[in-house]
Each structure stands twice: as C-alpha cells, then as structure tokens.
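In this note's numbering, the protein residues as written are -16 to 78.
All C-beta atoms, glycine included, are put in the ideal place defined by N, C-alpha and C.
These notes concern the structure reproduced below.
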Amino acid sequence: RLIVVKSVFDSFGAGMPEASTAEGTLRIGEDGWLEWTINRPMPEVVVRIGWVANHTLRLKGREVPLAELAAPGTAVALRPKTYSWFDLWKGRCIR
C-alpha cells in the first residue's frame, strides 16, 4: 500500500493548498517550509525527478534519492507491488 504522508514546498502557487481543509493540514515548519500533511492512500504517484529538489523515497527506514534511479527531468511512476522471495533473492526490486 502506498500512502502519501506529506508534501513539503517553499512557496504557494497554482494548485497548492492555501489553508488546512478536510483533505489535509497545512502548516509552516520550523525551517519555514510549507508542509501539507494528507496521509492519503494512492494507487501510484508520478514524480518528475528534479534537478535541484533532491526528491527522496523513504522506504522501510531507508532513503533512496530518486536521482539514483533515473536522470533528472525524467518522470517516474511509483506504485506498490508484491514480490516473491525469489525476486527479492535475485535482486529484482529495491531492497
């Protein structure tokens, strides 16, 4: 199951929330960045890997910079998938 916990951004813009709503909570973090917490299950999330943003996937206590998986500027679809023990053993997924 894939859950989007929060989005963090540095300024308001088109399509960005302006206040807390029934969908999520908006707050200003200690570092001044805007934090939009939603805890929403999603079937997939498409991210265009940033040149500067350092998008990072946090998975089971591990951090994986997306720029290590594909070149900056590339769109990457993240979706949950179940793997067999054999696939894990053969290294066919992120460990």
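Rounded to the nearest angstrom, the gap between the Cα atoms of Asn37 and Phe69 is 32 Å.
For Val47, the closest alpha carbon among the candidates Ser67, Ala54, Thr39 is that of Thr39.
Comparing alpha-carbon positions, the option among Gly12, Ser(-6), Ile21 lying closest to Thr4 turns out to be Ile21. Spanning the alpha carbons of Ala50 and Ala60 requires a straight line of approximately 13 Å. When DSSP states are grouped into helix, strand and coil, Ala50 belongs to the helix group. CA-CA distance, Leu17 to Gly74, rounds to 37 Å.
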